[in-house]
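Residue numbers (my numbering), protein chains in the order written: chain D, 1326 to 1892; chain S, 262 to 512. C-beta atoms are modelled at their ideal positions from N, C-alpha and C, and glycine is treated no differently. Reading through the structure tokens given below for one structure.
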């Protein structure tokens, strides 16, 4: 049995994974990344609008401070974020962004050549640094260039099948070389999960096709709880049809949201901030307009950029202009863009502290797959790119520190047993009679999540979703890949990922049905108010033989006791 | 929404089969607004789970789904099915690269060439607390070249590889210029000298194919021409300074 070995193994080659690798490499020589796609194809590349930091470069009568940023983030989270973690993120933001600039990121500039900043939703100050509207592309390429220079090896187009645990510690993974069809254990003193979100559980998502939450499922399978999974962010402006993201920056630059009557309807929902309210409020506003018949074709509203003028659009929003033209045949200089809310970000994930440590020794997590929690019940735009860098770096740093002193005891038997067990599972899967195609279950799961665990939620929808998911779990056993070899077996991967997604969907539904309040992006028409007395706490979901078991964790409050959240 | 039947003739390649290569015809129901990547995913889901191709963002920003469609190299996610309905469309893997399986090609040479140019900022000295100052016209000069998503389409259209497979390639020369034009990078002559040979800027045949096919409108040929101008200026300047110092020494 071949076994590979690294001190630090990072699963996921997006912003968080690459940033963690760079930081770990400063101290630890043996760092490797494993990714199911080439790192440059990670979903981070699609991020558009901006990354928040209190650079203080936007002209303003007062100075921006990290405390302001922290307050906006905490209020934006509907007071569910852990305030000590938010403080860390906002304090370290400037250093991380300047560092990215020093690594060559081509940020857009102010007149005097400093990094420019634009207004974003829910923020009291223009603090989103941006590279036109291709910020993710710029950041990811800059980080990939750095790991190229550092010669950090990447296992490209390999999958992580499971975590290997010994004595309550993560000691490595079972990896899958997709092109060669070989399952190979990789032992590691520290494993960092940086696998991104799970948007593809939903029918309408801005996420890449590859965002299936596999890392979250790996941790969940290994006994790690998942935190706050019921909090799903729906971005108000995805392009109608493909649900490709149209950045919040379009509104930051002055774009209007209008309904079929030509009204800027956000007046009704966030009279002060209007289109720049936090995402949950704008998404609910847009969806309400659509549900109440004031949308177009019963499906979308308009994002109108025409008044910004040709020059501004070409300068600040060229990427989304191209997207609108390529995927909707519309030039936003001339016509409004048809937009509808869609799943966008997963606030929940693997619980970590501010150093990326999870409840499982030897296992770290950073980026969208982690829940620190800095976003609580709703994330502000520009904070996700920030989170990847701040906590990616911290996870890299902490994991490198812990492996320095770690002596690796090498128990080959555990890996052998694990491999044998997985191969038996595969035999069982391949040996089944194929009675259902994978895609039917997948499409049913997506539809039920979008329509029953979406923007406006209620008990009856949850209960029927729960039943449906139970049924889907049973029907999983009727799927068998037609192709029996391992190499290039897309069907097998789809099956494994679907199985993971159905479990994550179950966790989301259980968390949602239990939480009898509305907070941030979790809005229940049957419990429309926030209930701090009973529900100012994080949901922790554990996998048990009987299904999902829920527990709760206190929210850390330092400076800002919860108040009413209006904009 | 009206649905139409799309016919795709796909070039397949499975190393273990005999024959290894064959063209397979698939038909799939499509909606008017569908794109080729969605059609391929449909085929993979419903008809043949062994059909191999790359995908990720589906929004034309990641560069995964480059392939040859009716003789043109494009991103599948941005190719409208509407344009392919008239007759069966031929789908082939991206040219230049060896085929691994079906539409999945081996891009290791591409990334080897990428690494050759040391594509990371060699930054000039700067204070840790503050960003480099960059003027808008400096940023605008770099901007077209930073749009490259490393999709590989330009390699497939470039005739220079026929003469020398070790030619660096359009994307890499454009990337070299991206750093040359960046005032924050200290390399300048170093980059010009590194690109100054037949495998670098002089291997280009200035046919502008790459400029025409780039899905992100990166103009590698323009970068190459600028670098040629740059190295010539540098050579003339150093020749001049040698000559003038010789002159000074002798008199």
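Query: Same chain only: Cβ atoms within 6 Å of residue 1620 of chain D, ignoring 5 sequence neighbours per side; Result: 1614 and 1626
Query: Cβ pair residue 1662 of chain D, residue 1640 of chain D closer than 9 Å; Result: no
Query: Unbroken alpha helix (DSSP H) run spanning residue 1395 of chain D, endpoints; Result: 1391-1401
Query: Rounded C-alpha distance that separates residue 392 of chain S from residue 386 of chain S; Result: 11 Å
Query: Terminal residues of the alpha helix (DSSP H) in which residue 285 of chain S lies; Result: It is not in any alpha helix (DSSP H) - residue 285 of chain S instead sits in the beta strand (DSSP E) that spans 282-292.
Query: CB contact check: residue 339 of chain S to chain D, cutoff 9 Å; Result: yes
Query: Three-way DSSP call (helix, strand, coil) for residue 1803 of chain D in this model; Result: helix
Query: Contact under 9 Å by Cβ, residue 1773 of chain D with residue 1739 of chain D; Result: no
Query: Within 9 Å, strictly: CB atoms of residue 330 of chain S and residue 352 of chain S; Result: yes
Query: Delimiting residues of the alpha helix (DSSP H) encompassing residue 1494 of chain D; Result: Run containing residue 1494 of chain D: none in the alpha helix (DSSP H); it sits in the beta strand (DSSP E), 1494-1502.
Query: Residue from S/464, S/413, S/305 and S/332 whose Cα sits closest to the Cα of residue 372 of chain S; Result: S/413
Query: Top-ranked residue by Cα proximity to residue 448 of chain S, from S/289, S/425 and S/382; Result: S/382
Query: Residue 1696 of chain D - DSSP class collapsed to helix/strand/coil; Result: strand
Query: Complete beta strand (DSSP E) runs within the region 294-377 of chain S (minimum length 3 residues, chain order); Result: 327-330, 333-336, 350-353 and 360-362
Query: Boundaries (first-last residue) of the alpha helix (DSSP H) holding residue 405 of chain S; Result: 397-407
Query: Residue burial classification, residue 497 of chain S (beta-carbon count within 10 angstroms, cutoff 16); Result: exposed
Query: heavy atom of the ligand GDP below 8 Å from residue 1620 of chain D C-beta; Result: Absence of the ligand GDP is noted for the structure shown, with no ligands found whatsoever.
Query: Element boundaries [alpha helix (DSSP H), containing residue 1755 of chain D]; Result: 1737-1756
Query: Per DSSP, cross-strand counterpart(s) of residue 1333 of chain D; Result: D/1356 and D/1515
Query: Chain-order list of residues whose beta-carbon lies under 8 Å from that of residue 1445 of chain D (same chain, five-residue window excluded); Result: 1374, 1375, 1377, 1451, 1452, 1453, 1573, 1574, 1577, 1601, 1705, 1706 and 1707
Query: Any chain S beta carbon closer than 9 Å to residue 1850 of chain D; Result: no
Query: CB contact flag (residue 1474 of chain D, residue 450 of chain S, <9 Å); Result: no
Query: Of the listed residues D/1460, D/1823, D/1829 and D/1612, nearest to residue 1710 of chain D (C-alpha basis); Result: D/1460
Query: Residue 505 of chain S versus residue 495 of chain S - alpha carbon distance; Result: 15 Å
Query: Distance between residue 1565 of chain D and residue 1530 of chain D (C-alpha atoms, nearest Å); Result: 11 Å
Query: For residue 473 of chain S, the nearest candidate out of S/335, S/294, S/293 and S/320 (CA to CA); Result: S/335
Query: Touching by the beta-carbon criterion (3+ pairs, under 8 Å), the region 340-348 of chain S and the region 421-434 of chain S; Result: no
Query: Within chain S, partners of residue 1473 of chain D - CB distance below 7 Å; Result: 376, 380 and 381
Query: For residue 1489 of chain D, the residue or residues it bridges with in DSSP; Result: D/1497
Query: Candidates D/1543, D/1579 and D/1703, of which the one nearest residue 1605 of chain D by Cα; Result: D/1703
Query: Interfacial residues, the region 486-504 of chain S to chain D, with Cβ spacing under 9 Å; Result: none
Query: Residue-chain proximity (residue 1891 of chain D, chain S), Cβ-Cβ < 9 Å; Result: no
Query: Three-state secondary structure (DSSP) of residue 428 of chain S; Result: coil
Query: Residue from D/1528, D/1443 and D/1806 with nearest C-alpha to residue 1382 of chain D; Result: D/1443
Query: Nearest-angstrom Cβ-Cβ length linking residue 1757 of chain D and residue 1798 of chain D, presumed shorter than 8 Å; Result: About 15 Å; that fails the 8 Å criterion.
Query: Interface residues of the region 317-339 of chain S facing chain D [CB-CB below 8 Å]; Result: 317, 318, 319, 320, 321, 322, 323, 324, 325 and 339
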